[in-house]
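Trainee: Handing you a structure now.
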Amino acid sequence: MKGSGRHTVLNQSPPRIWVWLFFSVLAILLLVHNEQISLWDQDEAAYAGFARTMLQTGNWVIPDFMWGFIHRKPPLHFWNIALAAKVFGMNEFSVRFSSSLAVWLTLFLMYRWGRHLWGARTSLMASFILSTSLLVPALGKIALTDGTLLLFSTMCGLSIAMLIRKPSYKWVFVFWMAFALAVLTKGPPVILFTGFLCAGLLWRHPDRQWLYKLKPWFFLPLALLPLACWVYATIQMDGGTFARWMADWYILKRVGGGVLGQEGPPGTHLLFMLIFFLPWLRNLPVAVYLSVRSFLERTNHMVFTLWFLAGWLPWELSPSKLPSYAVVAHVPLAFFLADAILHHGGVLKNWRKTFSVIQFSLTHALFVVICLLPLLLPVATTSAYVFYVSGGMLIVFNVFAASALRTPKFIPRWVAVNALFQVVIWVLLMPIADQWKSSTRRTAILLENLTQPGTTVVIGNNRGRPPSLPYYLGDRYSEILVEKRIDSLNVWYGKEEPVALILNESQAIKLAELRGELPQVEVHPGLYTDRLDKAGYILLINPEAQLVGR
1 MKGSGRHTVL NQSPPRIWVW LFFSVLAILL LVHNEQISLW DQDEAAYAGF ARTMLQTGNW
61 VIPDFMWGFI HRKPPLHFWN IALAAKVFGM NEFSVRFSSS LAVWLTLFLM YRWGRHLWGA
121 RTSLMASFIL STSLLVPALG KIALTDGTLL LFSTMCGLSI AMLIRKPSYK WVFVFWMAFA
181 LAVLTKGPPV ILFTGFLCAG LLWRHPDRQW LYKLKPWFFL PLALLPLACW VYATIQMDGG
241 TFARWMADWY ILKRVGGGVL GQEGPPGTHL LFMLIFFLPW LRNLPVAVYL SVRSFLERTN
301 HMVFTLWFLA GWLPWELSPS KLPSYAVVAH VPLAFFLADA ILHHGGVLKN WRKTFSVIQF
361 SLTHALFVVI CLLPLLLPVA TTSAYVFYVS GGMLIVFNVF AASALRTPKF IPRWVAVNAL
421 FQVVIWVLLM PIADQWKSST RRTAILLENL TQPGTTVVIG NNRGRPPSLP YYLGDRYSEI
481 LVEKRIDSLN VWYGKEEPVA LILNESQAIK LAELRGELPQ VEVHPGLYTD RLDKAGYILL
541 INPEAQLVGR
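Counting along the sequence shown from 1, when you hit position 122 you're at 122 in this note's numbering, and nothing is skipped either side.
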């Protein structure tokens with residue numbers, strides 16, 4: 001096999017203190033403020049609700065939660081949340097803990113296993129690049145299934161690369177273990193990814209004979225056995241209703257078209273990647289060049305080229321275009337970007353110059369937007385200064401790095417800019433920005449402060465059906481009902497028992513017409529509500545539910 005032409009410096013390890021410092025700071029960034037930021041209205045809150053229901057009912061088989069119907073998936077991610085809740089309590093931190101851990105492990109394994117394939121310095125740089133992209137850190141801060149799926153898919157890809165480079169049956173075990181867990185996390189995506197990857201390797205790789213060591217005719221049924229057992233348990237519980245729904249909603253509808261408006265033309269995922277890797281855009285032409293060259297010359301790194309294609313191309317051809325679908329392709333791209341930065345600075349100089357201008361212009365514009373946000377959105381004066389100072393620092397550092405573009409000082413300066421950007425986003429700005437999306441949590445807290453224990457909550461305003469609303473209400477109330485009809489809401493308000501109504505403006509006006517002037521408490525909507533328009537809430541609390549003295 002032809003070599004990859006890398007420098008001998010790749011055999012040198014970076015100072016251990018830098019490795020430990022990077023992964024320690026990364027762990028802090030992935031965990032910081034996770035207990036403080038409110039749950040995102042749709043998927044994240046639904047997953048939290050599934051885990052809570054499992055803990056409350058003991059039914060760990062079929063995910064179930066109010067307004068979480070369309071978010072149901074295979075159960076491993078929900079089990080992880082429930083297990084974390086047993087340790088940390090049922091809160092935002094425990095909901096996000098397994099996702100944070102999964103992303104941290106993904107980046108750690110990129111360094112730990114990748115150093116045998118790319119060298120320690122390149123692998124550490126690849127981990128840093130992916131940790132400062134604009135998608136993967138978010139998957140560690142939001143409890144979606146994609147962070148966990150990324151971990152197991154990365155383990156599959158790296159174990160195949162290691163199996164070809166250093167044949168050992170331990171990599172066969174790692175591959176099938178990760179495959180089984182990925183299927184139990186999200187089902188088909190890992191089957192598509194590994195299927196396309198192995199097909200490409202069998203077609204192109206000169207050492208493909210080692211792939212036969214995977215013995216899919218024997219291990220594939222074993223790897224699918226946990227999923228099969230879970231599906232069988234769901235059938236035993238409901239006669240197959242849930243299994244048929246999963247096959248229709250989760251597989252057939254996504255094959256035939258997008259769902260929930262998540263559609264786009266071919267090329268959409270490439271555009272997403274350009275955005276997500278904006279901090280490293282200037283090196284993208286060289287990374288693509290290295291990837292194509294490794295494929296044509298059949299070098300050791302051809303595995304990563306095929307990995308990228310297997311993780312990206314099936315989703316580009318699919319009508320579904322959710323950005324996180326192709327995230328597994330970000331891993332090999334990060335390796336090629338790291339190789340381009342550290343060892344191929346003289347390649348494609350004209351292209352690099354053009355993309356450098358684009359990168360610095362767009363990042364500069366992004367940092368200017370951070371400075372201007374307090375002028376465009378409602379922010380308290382003290383919080384506004386955080387935006388001004390943070391955006392200003394990023395602008396200064398951006399200019400400082402750009403001034404060293406043609407010198408060896410550029411790489412460490414640009415590393416510092418991207419590290420600072422992650423700190424600014426997750427440590428300084430997100431706690432402030434949370435007020436723009438936390439109307440459901442604010443509604444539940446305000447209602448708790450105004451009502452007697454044992455109050456029945458009736459939701460009339462179900463716009464968008466955000467699972468975060470019943471989730472936060474479930475922290476405080478045992479009985480939560482949904483009723484949109486005005487006559488029924490009127491009956492509920494008139495009951496001689498504590499009742500609180502959560503209404504929209506139209507419902508509140510109609511009830512006032514029926515009963516005369518009513519004491520209303522308005523919860524102003526956040527600026528952002530996931531998937532649908534923002535929704536504000538008006539609270540009506542009947543006399544029996546009101547706290548004494550109010």
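The beta-carbon is built from N, C-alpha and C at its ideal position, and this holds for glycine as well.
Let me know if Gln42 comes out buried or exposed under the rule of 16 or more other beta-carbons within 10 Å of its beta-carbon.
Mentor: By the neighbour-count rule (16 or more Cβ atoms within 10 Å), Gln42 is buried.
Trainee: Leaving out the 5 sequence neighbours to the left and right, which residues in its chain are closer than 7 Å to Thr106 when beta-carbon positions are compared?
Mentor: Leu150, Leu151 and Thr154.
Trainee: In or out: Asp238 buried (at least 16 other Cβ within 10 Å) or exposed?
Mentor: So Asp238 counts as exposed.
Trainee: Would you please state the rounded distance, in angstroms, between the beta carbons of Val327 and Leu139? I believe it to be under 8 Å.
Mentor: Going by Cβ atoms, the distance from Val327 to Leu139 rounds to 7 Å, so yes, they are a contact pair.
Trainee: Taking the beta strand (DSSP E) that Val523 falls in, what are its first and last residues?
Mentor: Its beta strand (DSSP E) spans residues Gln520 to Val523.
Trainee: Using the C-alpha atoms, what's the distance from Arg515 back to Asp248?
Mentor: Those two C-alpha atoms are separated by around 46 Å.
Trainee: Would you decide whether Gln422 is buried or exposed? Buried here means 16 or more other CB atoms lie within 10 Å of its CB.
Mentor: Buried: at least 16 other Cβ atoms inside 10 Å.
Trainee: Which term fits Pro63, buried or exposed, when burial requires 16 or more other beta carbons within 10 angstroms of its beta carbon?
Mentor: Buried, since its Cβ has 16 or more Cβ neighbours within 10 Å.
Trainee: Confirm, please, whether the CB-CB distance from Phe336 to Phe304 is below 8 Å.
Mentor: Their beta carbons are under 8 Å apart, which means Phe304 touches Phe336 by this criterion.
Trainee: With DSSP as the reference, label Arg550 as helix, strand or coil.
Mentor: The predicted position of Arg550 is uncertain, since its pLDDT is 48 and thus under 50; a value taken from the coordinates is nonetheless stated next. Coil.
Trainee: Measure the alpha-carbon distance for Leu489 versus Ile160 and round it to whole angstroms.
Mentor: Roughly 60 Å separates the two Cα atoms.
Trainee: Which whole runs of the beta strand (DSSP E) in the segment 464 to 488 are 3 residues long or more, in chain order?
Mentor: Whole beta strand (DSSP E) segments, 3+ residues: 480 to 482.
Trainee: Between the C-alpha atoms of Arg96 and Thr145, what's the straight-line distance to the nearest angstrom?
Mentor: Cα to Cα, Arg96 sits roughly 10 Å from Thr145.
Trainee: Can you list, in chain order, the residues of its chain with a C-beta nearer than 6 Å to that of Ala180? Leave out the 5 residues immediately preceding and following it.
Mentor: Closer than 6 Å at the Cβ level, and outside the excluded window around Ala180, lie Ala223 and Pro226.
Trainee: Going by DSSP, what residues sit across from Val555 in a beta bridge?
Mentor: Summary: the structure shown does not reach residue 555, with the chain confined to residues 1 through 550, and so no result is reported for it.
Trainee: Excluding five sequence neighbours on each side, which residues of the same chain lie with their C-beta closer than 8 Å to the C-beta of Pro314?
Mentor: The answer, listed in chain order, is Leu192, Phe193 and Phe196.
Trainee: By how many angstroms is the C-alpha of Gln359 removed from the C-alpha of Ile432?
Mentor: Looking at the two C-alpha atoms, the distance is approximately 27 Å.
Trainee: What residues match up with Ile541 in a beta bridge as DSSP calls it?
Mentor: In DSSP, Ile541 forms a bridge with Ala500.
Trainee: May I ask which residues mark the beginning and end of the alpha helix (DSSP H) holding Glu44?
Mentor: First-last of the alpha helix (DSSP H) with Glu44: Asp43 to Thr57.
Trainee: Quick one: what's Thr451 bridged to in DSSP?
Mentor: Paired residue(s): Gln546.
Trainee: Hey, how far is the Cα of Pro498 from the Cα of Ala27?
Mentor: Distance between the alpha carbons of Pro498 and Ala27: 45 Å.
Trainee: Let's see if you can read the secondary structure: which residues bound the alpha helix (DSSP H) around Val357?
Mentor: Looking at the DSSP string, the run of the alpha helix (DSSP H) that includes Val357 is Lys349 to Leu376.
Trainee: Any Cβ of chain C within less than 8 Å of the Cβ of Ser99?
Mentor: In the displayed structure, chain C is absent; only one protein chain is listed.
Trainee: Please report the straight-line C-alpha distance between Gln56 and Ala85, rounded to a whole angstrom.
Mentor: For Gln56 and Ala85, the distance between alpha carbons rounds to 12 Å.
Trainee: Whole angstroms are fine: how far does the CA of Pro137 sit from the CA of Gly187?
Mentor: When rounded, the distance between both Cα atoms is 23 Å.
Trainee: Tell whether a beta-carbon distance below 8 Å holds between Ala553 and Asn418.
Mentor: What the structure shows of the chain is the stretch from 1 to 550, and residue 553 is not part of that stretch, so it cannot be assessed.
Trainee: What three-state label does DSSP hand Ser320 in the structure shown?
Mentor: Looking at Ser320 - three-state DSSP - the assignment turns out to be strand.
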